[in-house]
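Colleague:
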Amino acid sequence: MQRAEIVSQILAILEDVAEISPEDVREDSVLMDDLDLSSMEILTVVADLEEMFGLRIPEKELRNFVTIGDVADYLEANAG
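See below:
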(Lines of atoms letter the chains of each structure in order from A and count residues from 1; the text may use other names and numbers.)
(Lines give C-alpha, C1' and ligand atoms only; values in the text may rest on other atoms or scores of the structure.)
Protein backbone atom coordinates (compact mmCIF):
# COMPACT_ATOMS: atom_id res chain seq x y z
CA MET A 1 0.00 0.00 0.00
CA GLN A 2 1.28 3.44 -0.91
CA ARG A 3 1.94 6.00 1.82
CA ALA A 4 -0.80 8.32 0.54
CA GLU A 5 -3.31 5.48 0.92
CA ILE A 6 -2.08 4.73 4.43
CA VAL A 7 -2.40 8.37 5.47
CA SER A 8 -5.87 8.50 3.90
CA GLN A 9 -6.94 5.47 5.94
CA ILE A 10 -5.56 7.01 9.14
CA LEU A 11 -7.47 10.22 8.42
CA ALA A 12 -10.69 8.30 7.78
CA ILE A 13 -10.36 6.54 11.13
CA LEU A 14 -9.62 9.83 12.92
CA GLU A 15 -12.70 11.35 11.35
CA ASP A 16 -14.82 8.40 12.49
CA VAL A 17 -13.39 8.07 16.02
CA ALA A 18 -12.81 11.70 16.98
CA GLU A 19 -14.79 13.68 14.39
CA ILE A 20 -11.61 15.38 13.15
CA SER A 21 -11.84 16.72 9.63
CA PRO A 22 -9.07 15.39 7.34
CA GLU A 23 -8.47 18.96 6.18
CA ASP A 24 -7.37 19.83 9.74
CA VAL A 25 -4.66 17.14 9.88
CA ARG A 26 -1.09 17.07 8.55
CA GLU A 27 1.52 14.35 8.86
CA ASP A 28 3.31 16.39 11.51
CA SER A 29 0.12 16.86 13.58
CA VAL A 30 0.77 15.68 17.15
CA LEU A 31 -1.90 13.21 18.23
CA MET A 32 -2.39 14.37 21.83
CA ASP A 33 -1.59 18.05 21.39
CA ASP A 34 -2.56 19.30 17.94
CA LEU A 35 -5.47 16.88 17.55
CA ASP A 36 -6.39 16.81 21.26
CA LEU A 37 -6.93 13.04 21.24
CA SER A 38 -7.48 11.32 24.55
CA SER A 39 -5.66 8.12 25.44
CA MET A 40 -8.88 6.19 24.87
CA GLU A 41 -9.35 7.71 21.41
CA ILE A 42 -5.77 6.79 20.49
CA LEU A 43 -6.35 3.19 21.61
CA THR A 44 -9.54 3.07 19.52
CA VAL A 45 -7.67 4.43 16.49
CA VAL A 46 -4.92 1.83 16.99
CA ALA A 47 -7.48 -1.00 17.30
CA ASP A 48 -9.17 0.16 14.09
CA LEU A 49 -5.79 0.35 12.32
CA GLU A 50 -4.91 -3.16 13.49
CA GLU A 51 -8.16 -4.47 12.05
CA MET A 52 -7.87 -2.50 8.81
CA PHE A 53 -4.25 -3.44 8.14
CA GLY A 54 -4.46 -6.98 9.52
CA LEU A 55 -1.64 -6.62 12.01
CA ARG A 56 -1.03 -6.40 15.71
CA ILE A 57 0.73 -3.26 16.92
CA PRO A 58 2.79 -4.09 20.04
CA GLU A 59 2.01 -1.90 23.03
CA LYS A 60 5.67 -0.81 23.25
CA GLU A 61 5.32 0.77 19.78
CA LEU A 62 2.51 3.07 20.89
CA ARG A 63 4.88 5.43 22.70
CA ASN A 64 6.57 6.04 19.34
CA PHE A 65 3.31 7.28 17.81
CA VAL A 66 3.65 11.01 18.43
CA THR A 67 2.51 12.32 15.04
CA ILE A 68 0.35 11.09 12.19
CA GLY A 69 3.59 10.62 10.24
CA ASP A 70 4.93 8.29 12.94
CA VAL A 71 1.84 6.10 12.63
CA ALA A 72 2.12 6.13 8.83
CA ASP A 73 5.84 5.22 9.03
CA TYR A 74 5.06 2.21 11.22
CA LEU A 75 2.25 1.00 8.99
CA GLU A 76 4.29 1.52 5.84
CA ALA A 77 7.11 -0.59 7.29
CA ASN A 78 4.96 -3.33 8.84
CA ALA A 79 1.68 -3.70 6.93
CA GLY A 80 1.31 -6.37 4.28
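Sequential numbering of the sequence shown, starting at 782, is according to this note's numbering. Every residue, glycine too, gets a C-beta built ideally from N, C-alpha and C. Quantities reported herein were computed from a predicted structural model and do not represent experimental measurements.
Taking buried to mean at least 16 other C-beta atoms within 10 Å of its own C-beta, is Val806 buried or exposed?
Modeller: The residue is buried, with at least 16 neighbouring Cβ atoms inside 10 Å.
Colleague: Could you give the first and the last residue of the continuous alpha helix (DSSP H) run that contains Leu830?
Modeller: Counting along the chain, the alpha helix (DSSP H) containing Leu830 begins and ends at Ser820 to Phe834.
Colleague: In the DSSP assignment, what are the bridge partners of Val798?
Modeller: Its beta-bridge partners do not exist; DSSP assigns none.
Colleague: Whole angstroms are fine: how far does the CA of Ala860 sit from the CA of Leu812?
Modeller: When rounded, the distance between both Cα atoms is 21 Å.
Colleague: Of all the options Ser810, Glu808, Phe846 and Glu804, which has the alpha carbon lying nearest to the alpha carbon of Leu728?
Modeller: Only positions 782 to 861 of the chain appear in the structure, and residue 728 is not among them; the question remains open.
Colleague: For a test of the three-state rule: what should DSSP assign to Val847, helix, strand or coil?
Modeller: Of the three classes helix, strand and coil, the one that applies to Val847 here is coil, per DSSP.
Colleague: Mark Ala853 as exposed unless 16 or more other C-beta atoms lie within 10 angstroms of its C-beta, in which case mark it buried.
Modeller: Flag for Ala853 reads buried.
Colleague: Hey, Val826 and Leu795 are a contact pair by Cβ (cut 8 Å); roughly how many whole angstroms apart?
Modeller: That pair is a contact at about 6 Å.
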